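Each residue of the sequence shown is one higher than the one before, starting from 18 at the first, in my numbering. Using N, Cα and C, we set each Cβ at its ideal position, and we do this for glycine too. Predicted, not measured: the structure shown is a model, and the values here were computed from it.
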Amino acid sequence: MEDEHVHIIINLLGKSLAGKITPGEQKDLDKLIREYSLEELVADLGDERYVMQHLRKYTKYDVKDGFQDFLNVVGETLPEKKTKIKWIYWCSVASVLLFVLGFWFFYHVENPKGDEIRGERKDRLENMESVRLFLADREEMVLEAGYDEKHLNSLGIFLSVGPRVLDYTRVRGRDSLIGEHTLVVPKGCLYKVILSDGTRVTLNADSRMRFPAVLGSSCRKVYLEGEAYFDVKRDENAPFFVEGRNFSVRVLGTTFNVMDYKDEEQSQVTLLSGSVEMCMKDTVVRLSPGKQAVLEKGKFVGQRLVDPLPYVSWLEDKFCFESERLENVLRKLSRWYDIVIECEQDEVNDIYFTGYIPNDIGLKEVLQLLEETADIKFFERDDKMLVRCVKN
């Protein structure tokens, strides 16, 4: 099964269950279900009790082993006419569908007041630290609702109406704009900026980017701490560089994601389109679309073929976990909800999760979902959350 079909099926099933699918989308979903002989699996996943019963069993295992256990438990076998389909994709389909639909039942059945949950999330964000912009003369600007934009506009910097986007495409040659600016995005939100050359950058939570207010005509360079998605405006006369802590990414015009948080064991550069060169000490690696370069503790460990979509799911306000250790899951939650979450026991870290969770719901609901899908329990102590294993 093609990667894009996996995600299309997941999204369309979610819309179908929520009653928001269009006739055209339903037709596409029915066609994909028939094409990959998923009728029986999808029918079973539409049973709330079935999903919640087997979801707990599945999340104790890694993707391949977990899906085999899933098949053994429910007595399913792979359709004979589809034996040529790669096993890994069947694992991906079943595991992600199971998790996503399990979440759907939790969110829509167990928590019918979904709007209230989203409202709680919105209120919390409004009270969080604001996005800040530091100009070259060290003047600090707080970019929040109600901020007087006249000063920004006088410099040629504009904030778009609706989703907040910082636009530098009309900057003027004023003294305060000569040099580098720094955009600081706090935990719990995303922010977009259009650089002077038209390159679009989306910064993830707890990230900062230093960049020239007016990019050079022969070299364009920005400095990143955290995570960002880049859609680089092509200019063959001016290569674009993203500088991380231990690497540099060189591009002409392409789309890619850079993840380089200080508290993560790995740094990752994931290419969606075009071509990039990743330069490290004594090593230069060229990536093609669908490839990801990985560093551990500042050292290059290799490149691998990946499905890029999960690595940019944060752009669509989703957490995406693909056979991910609990400690990594908790780091992402901590970064978004701005709270310390720690494991009381080492064995907790050996639990793996796979699936999508929207990040616009309350932390309490997310943790409750994780408790429903594994033998773990969260509790609060001294302004932080702790997690431990529980045996049923």
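The closest CA to that of Gly243, considering only Gly261, Asn170, Gly233, Gln320, is found on Gly261. Note: Phe228 is bridge-paired with His198 in the DSSP secondary-structure output. Here Glu339 has Pro327, Thr371 as same chain residues with Cβ atoms under 7 Å from its own Cβ, once five neighbours each way along the sequence are excluded. Excluding its 5 nearest sequence neighbours in each direction, Glu161 has C-beta neighbours in its own chain below 6 Å: Ser147, listed in chain order.
In its chain, beyond the 5 residues on either side, Lys308, Gln309, Val311 have a beta carbon closer than 8 Å to the beta carbon of Arg321. Judged by their CB atoms, Trp353 and Gly205 are nearer to each other than the 8 Å cut-off. When only Cα atoms are considered, Ser330 and Asp399 end up about 32 Å apart.
Counting every other CB atom within 10 Å of its CB across the protein chains shown gives Lys209 a total of 16 or more, marking it as buried.
Val268 is bridged by DSSP to Phe257, Val293. Between the alpha carbons of Gly215 and Asn274 lies a distance of about 17 Å.
Rounded to whole angstroms, the gap between the alpha carbons of Phe264 and Arg227 is 16 Å. Residues of the same chain with a CB within less than 6 Å of the CB of Ile368, apart from the 5 flanking positions on each side, are Leu343, Ala391 in chain order. When the alpha-carbon of Phe396 is set against those of Cys360, Leu30, Lys48, the nearest one is in Cys360. Counting along the chain, no beta strand (DSSP E) covers Asp363, and no H or E run does either. Counting of Cβ neighbours within 10 angstroms places Glu382 among the buried residues, the total reaching 16 or more.
Looking at the backbone, the Cα of Ala222 and that of Val201 are separated by about 9 Å.
Using a Cβ distance threshold of 8 Å, Pro306 and Leu288 count as a contacting pair. Here Val404 is buried: its Cβ has 16 or more other Cβ atoms, across all protein chains shown, within 10 Å. Bridge partners of Cys337 according to DSSP: Tyr373. Under the three-state reduction of DSSP output, Ala60 falls in the helix class. Sequence-distant Cβ neighbours of Glu166 in its own chain, meaning closer than 8 Å and more than five residues away, are Phe175, Leu176. The residue among Val249, Glu341, Thr186, Val182 with its C-alpha nearest the C-alpha of Tyr373 is Glu341.
Residues of the same chain with a CB within less than 7 Å of the CB of Ile356, apart from the 5 flanking positions on each side, are Leu380, Lys401, Met402 in chain order. For Ile211, the uninterrupted beta strand (DSSP E) run begins and ends at 208-211, by DSSP.
Partner residues in the beta bridge of Asn274, as assigned by DSSP, are Tyr246, Thr287.
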